[in-house]
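**Q** There's a structure below that I have some questions on.
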Amino acid sequence: MEYDNSTTLDPRIAERLKHDAKGLVAAVIQQYDTHEVLMVGYMNDEALRRTLTTGRVTFWSRSRQEYWRKGDTSGHVQYVKSVSLDCDGDALLVKVDQVGAACHTGKRSCFLEGGPLPCIEGHRTPEQTNDENGTAEQEEQA
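Sequential numbering of the sequence shown, starting at 1, is according to UniProt numbering.
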């Protein structure tokens with residue numbers, strides 16, 4: 001799909017989005033080459049349009065109620081490599097080339113400051129494998 005300099009989000013994209021009550025969709029930001037999850041932000045249709053058409057990530061700030069383009073004040077720019085919509089239409093995966101820190105704390109990722117939460121680690125049984133589509137299936141016993 002090609003993008004133009006339209007002032008509205010392509011209706012073919014907009015109709016696939018499932019917004020929350022405030023008109024927003026979660027955007028998971030991931031470093032394109034290492035797959036490191038950097039942060040989560042929120043986009044409305046206009047922020048997504050700007051992201052798709054400028055090559056830079058734009059968010060809607062829920063606290064300030066305004067658009068912000070990552071890196072404009074900090075220099076920690078996020079250059080867009082790809083944008084994907086999840087199967088439910090309520091989340092985006094934005095792969096970026098991150099310059100500097102992604103988090104406002106100055107850390108590379110927003111998931112470093114909070115730290116891991118205690119949890120029970122799950123494990124597959126030896127009989128479970130992934131098929132070519134990545135779905136778990138039981139191996140047949142002979």
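All residues carry an ideal CB built from backbone N, CA and C; glycine is no exception.
Which residues share a DSSP beta bridge with Phe59?
**A** Looking up residue 59 in the sequence shown gives position 59. Trp68.
**Q** Please name the residue, chosen from Lys95, Tyr67 and Asp72, that lies closest to Val80 on a Cα-to-Cα basis.
**A** To locate residue 80, count along the sequence shown from 1; it is residue 80. For Val80, the nearest C-alpha among the options comes from Lys95.
**Q** Can you grab the Cα-Cα spacing for the pair Val92 / Thr58, in whole Å?
**A** Reading the sequence shown from its first residue, position 92 is the one you call residue 92. Reading the sequence shown from its first residue, position 58 is the one you call residue 58. According to the sequence as given, residue 92 is Leu; it is not Val. Their Cα atoms are separated by approximately 13 Å.
**Q** Among residues of its own chain, excluding the 5 on either side of Cys110, which ones have a beta-carbon nearer than 6 Å to its beta-carbon?
**A** As a first step, residue 110 must be located in the sequence shown, where it is residue number 110. So the list reads Met39 and Cys103, once near-sequence residues are dropped.
**Q** Roughly how many angstroms separate the alpha carbons of Lys70 and Gln78, rounded to a whole number?
**A** As a position in the sequence shown, residue 70 is number 70, starting the count at 1. As a position in the sequence shown, residue 78 is number 78, starting the count at 1. Their Cα atoms are separated by approximately 6 Å.
**Q** Are three or more beta carbon pairs between the segment 109 to 128 and the segment 29 to 48 nearer than 8 Å?
**A** At 8 Å Cβ cutoff, the stretches touch.
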